[in-house]
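In what follows, a structure is listed as structure tokens, so that the remarks can point back to it.
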Amino acid sequence: MRWLLLKDLRLLRRSPLLVTLLVLYPIVIAVLIGFALSRGPDKPQVAFANLVPESASQLDLGGERLDTSRQADVLFRAIDPVIVKSRAEAVRKVRDGDVLGAIVIPEDTTQKLQSGLDPATIEVFYNAEDPIKSGYVRDTIKSQVADANNALTKRLAKVALGFLDLIATGGQYNFLGRQFDVLGLERSERILKEARSELPAGSPARAQIDQVMRFATLARTNLDLSDDVLASVGTPIRVRQVQLDGAATPLSSFSVAIAVSVSIMFITLLLAAGALALEREENAFLRLVRGLVSRTGLLLEKAGLAAVSALAVSLVMLAGLGLFVDLQWDRFHLWVAGLAAAALAFAAMGLAIGALTKEVRSASLLCVMLSLPLAFLALVPSGSVSPVLYDAVQVVSAVFPFKPTLEAIDAALNDSRSIVGPLLHLAALFCAFGVASRLALRRFA
Amino acid sequence: MAADPTAATRPESAPAPARVLEAEGLVKRYGEREALRGVSLSAGRGELVTVIGPNGAGKTTLLTILAGIVAPDAGRVSPGPREVGWVPQQPALYGKLTVAENLRLFARLERCSEPEATVERMLALTGLGDRAGDQVVKLSGGNRQRVNIAIGLLGQQSVLLLDEPSASLDPRQRERLWEFVLGLAEAGTAVVLSTHNIQEAERHADRVLVLADGELLFTGSPRRLKEAVGQEGDEGLEEAFVAFLHARGH
Ligand SMILES: Nc1ncnc2c1ncn2[C@@H]1O[C@H](COP(=O)(O)OP(=O)(O)OP(=O)(O)O)[C@@H](O)[C@H]1O
Ligand SMILES: [Mg+2]
Chain A
1 MRWLLLKDLR LLRRSPLLVT LLVLYPIVIA VLIGFALSRG PDKPQVAFAN LVPESASQLD
61 LGGERLDTSR QADVLFRAID PVIVKSRAEA VRKVRDGDVL GAIVIPEDTT QKLQSGLDPA
121 TIEVFYNAED PIKSGYVRDT IKSQVADANN ALTKRLAKVA LGFLDLIATG GQYNFLGRQF
181 DVLGLERSER ILKEARSELP AGSPARAQID QVMRFATLAR TNLDLSDDVL ASVGTPIRVR
241 QVQLDGAATP LSSFSVAIAV SVSIMFITLL LAAGALALER EENAFLRLVR GLVSRTGLLL
301 EKAGLAAVSA LAVSLVMLAG LGLFVDLQWD RFHLWVAGLA AAALAFAAMG LAIGALTKEV
361 RSASLLCVML SLPLAFLALV PSGSVSPVLY DAVQVVSAVF PFKPTLEAID AALNDSRSIV
421 GPLLHLAALF CAFGVASRLA LRRFA
Chain B
1001 MAADPTAATR PESAPAPARV LEAEGLVKRY GEREALRGVS LSAGRGELVT VIGPNGAGKT
1061 TLLTILAGIV APDAGRVSPG PREVGWVPQQ PALYGKLTVA ENLRLFARLE RCSEPEATVE
1121 RMLALTGLGD RAGDQVVKLS GGNRQRVNIA IGLLGQQSVL LLDEPSASLD PRQRERLWEF
1181 VLGLAEAGTA VVLSTHNIQE AERHADRVLV LADGELLFTG SPRRLKEAVG QEGDEGLEEA
1241 FVAFLHARGH
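So the sequences go chain by chain: A and B. Residue 128 in our numbering is what sits at position 128 of the first sequence, and the numbering runs on without skipping anything. Residue 1152 in our numbering is what sits at position 152 of the second sequence, and the numbering runs on without skipping anything.
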């Protein structure tokens, strides 16, 4: 087996193009996937609970009526709403992964907006199970709330400006169906001017009227500035964010985990499948299994070759990425554990592929065709597809090593969860694929 | 005319050599097709047996079963694969390794006591000493076949199976191959060899096996095969072989 391993290493050294491709290709794919994912799905499914009672849905701002339920339509242009009846239901949907997040508009929202004293608080729930998803939900909702705040602030400002205008210039004001005539500063000034001219010069009342007139002028000119002042008035709506599950991993570190997972997947699959298929393609397989090496020994040699190479490349890759992203080097032993388990599981899967195909070419093709969609599947955010489909996606993802690899590497790099579960999962997949490849080798002489 | 195969298993007069290879009732099916239908044979120490038959007759199937690569659907073979040297019809070599590296790798896997000396010996035998450092993909088909044969000889087992070893060799190389194979047989190795070159079989074989459609139609010395078709004089075995097959509807 030692000689076989040395032979394989020599073959690799004589295929510099293949080795370069093997290292470059996954890195390019990893970067592309990273870009694609950070943009998020088009219209995420978000649970929406509007608890404001029907009767209170009209907001009266200084005679301007604002229908809060109409305001929701604007939000629905950016998300795909799943209407729920209660806060509890919204929370449950997030926990189950049926939706990406939930927005709850509490009962007292209109009351608070009406009073203008307390800001109204909207609750947002999201699942932090993976940072791409939660980041996307947070960004979407944040921008929506900012839009709503802008709209409300504008309206409030308009109402306030109307009042101020009334004070400055005077006019008719409608309150509870009754008309009032408001004098206004401008008219007051004019009236005062007329009154002043009728007073005899040197009358002490004239000086007093001058004082009042100066105040009115000052007040009127300064009220013109109120526009800007009002625009900067604080936010009428506040958002309280609640994270339900999982620890938050910064997106950049998570991208590193994805990049490393994709690389280790490609390198190990292609090497294991290719090296085994090559034995068949060159006919040497038949010589070897005539008592020179056992079939199991042959599989172990290929698994070791692929896993060790992939481990080395991914550690170098991590060290390189470490120059740009903060990595926790004190967790190095966990990195090695996660990467090694992932590499072995992928190697076993690669061997199954290599055992099924007889040529290197078809083995490589099958590896790429299988692994790309599986990696994408594992990255499908909950709530971006229907719940039934999402469950199916979960099951399929659990049968292949990509998802547990991502979990293990994320755990090792970012301390986002326990690494034990993913490691056991990978060990189970290693055994399952190992047995499958051994059976496949038996079937084909 | 109906030659009972078992009636002619032994070359005349010579004492029965100790049997080192034995196979009984070998059956191999590939789906509907029966590649072998109950073939039995044996070979003794130092005996040279050639297997002849048309394309698709089952020669390769028989040899791969004897080599322990394919399991038969029925029947048994002894000894096990470790005690049998095997030269496959399709070269089984690593194209990206050099001639010497291929020989060295298999010498080590065969656990030869002195791998380097064995490599030197095989390079001399194949006359490829000057190509030792060339990658096998860069060799001609015949030279590749020479390396392929050499690897089958590395283990120096007491039984040697060769599947059409001379097919792509030039006459001089073919002569060298036969010299070597006859030398092995003289030293006691039992050799079973398939070929389409009937002249070779006639010249060198102690015994020929005629296989057609998976059936063993004849086993005996070349002379007995000629007699079986009533041939006399100095006509070649090739004519006798064709006539024999024709008489059996092949
Ligand atoms: N792997 C296989 N799958 C299906 N059929 C096979 C396989 N190997 C051989 N056969 C069939 O078994 C029969 C015997 O083939 P085999 O290769 O033993 O013939 P052969 O006598 O060696 O022929 P040749 O002189 O052309 O080398 C053929 O009909 C062939 O098609
Ligand atoms: Mg053949």
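Ideal placement from N, C-alpha and C gives every residue a C-beta, glycine not left out.
Quiz: which residues have CB nearer than 7 Å to ligand 2 non-hydrogen atoms:
K1059/B, T1060/B, Q1089/B, D1163/B, E1164/B, S1194/B
To the nearest angstrom, how far is it from the Cα of R1146/B to the Cα of G1046/B?
23 Å
C-alpha gap between A231/A and D98/A, whole angstroms:
Low local confidence applies: a pLDDT of 49 at A231/A is under 50, so the model's placement there is unreliable, with the coordinate-based value given in what follows. When rounded, the distance between both Cα atoms is 39 Å.
Residues of chain B with a CB under 8 Å from the CB of K7/A: which are they?
Y1094, L1097, E1101, L1105
Rounding to the nearest angstrom, what Cα-Cα distance links F430/A and E1215/B in this structure?
45 Å
N-terminal and C-terminal residue of the beta strand (DSSP E) that Q45/A is part of:
45 to 50
Quick check on this structure: which residue in G338/A, V399/A, S253/A, D108/A has the alpha carbon closest to the alpha carbon of F324/A?
S253/A
Within 8 Å of any Cβ in chain B, is that where the Cβ of A277/A sits?
no
Inter-residue spacing [alpha-carbon to alpha-carbon] between I1052/B and H1204/B
13 Å
G1068/B touches chain A at which residues, Cβ-Cβ below 7 Å?
R290
Identify each residue in the region 353 to 374 of chain A for which the Cβ-Cβ distance to at least one residue of chain B is less than 9 Å, and report them in chain order.
none
Kindly give me the distance between the Cβ atoms of A275/A and K302/A, rounded to whole angstroms, as I take these residues to be in contact under 8 Å.
5 Å
What three-state label does DSSP hand Q211/A in the structure shown?
helix
Does the CB of Q1156/B have a neighbour CB from chain A at under 8 Å?
no
Do you know whose CA, among D1213/B, T1189/B, I1151/B, E1200/B, lies nearest E944/B's CA?
Lying outside 1001 to 1250, the shown extent of chain B, residue 944/B is not represented and no answer is given.
The region 396 to 412 of chain A touching the region 289 to 297 of chain A, judged by at least three CB pairs closer than 8 Å:
no
Assess, as a yes-or-no matter, whether the region 401 to 409 of chain A is touched by the region 328 to 347 of chain A under the definition of 3 or more beta carbon pairs within less than 8 Å.
yes
With burial defined as no fewer than 16 other Cβ atoms inside 10 Å of the residue's Cβ, what is the status of H425/A: buried or exposed?
buried
For a contact meaning CB atoms closer than 8 Å, what does A284/A contact in chain D?
Any reference to chain D falls outside this structure, whose protein chains are A and B.
Using 8 Å as the threshold, is the C-beta distance between A1190/B and V1159/B below it?
yes
Contacting residues, own chain, Cβ-Cβ under 8 Å from P53/A (five flanking each side not counted)
E107
Residue-level contact to chain A via CB, E1110/B, 8 Å cutoff:
yes
Since A273/A contacts G354/A with CB under 8 Å, what's their CB separation in whole angstroms?
4 Å
Got a sec: which bits of the region 1171 to 1185 of chain B sit with their beta carbon under 7 Å from any beta carbon on chain A, in order along the chain?
none
Inter-residue Cα distance where the pair is D1170/B and F1218/B
30 Å
So the candidates are Q111/A, L270/A, R92/A; which of them puts its Cα closest to the Cα of L366/A?
L270/A
The region 1102 to 1119 of chain B / the region 1062 to 1081 of chain B touching (three or more Cβ pairs under 8 Å):
no
Three-state class that DSSP yields for F125/A in the structure shown
strand
Any heavy atom of ligand 1 closer than 7 Å to the Cβ of A1057/B?
yes
In the structure shown, what three-state DSSP assignment does S1194/B receive?
strand
Neighbour list for P1088/B in chain A, Cβ cutoff strictly below 8 Å
N283, L286, R287
Neighbour flag for R1082/B against chain A, beta carbons, 8 Å
yes
With H, G and I counted as helix, E and B as strand and the rest as coil, what does DSSP make of A231/A?
A caution first: A231/A carries a pLDDT of 49, below 50, which makes its placement in the model unreliable, though a value can still be read off. Of the three classes helix, strand and coil, the one that applies to A231/A here is helix, per DSSP.
Near-chain B residues of the region 425 to 444 of chain A (beta-carbon distance less than 8 Å), N- to C-terminal order:
none
Say yes only if the C-beta of Y126/A is nearer than 7 Å to one or more non-hydrogen atoms of ligand 1, and no if none qualify.
no
Whether or not the region 306 to 324 of chain A and the region 385 to 393 of chain A are in contact is what I'm after, with contact meaning three or more pairs of Cβ atoms, one per stretch, closer than 8 Å; do they touch?
no
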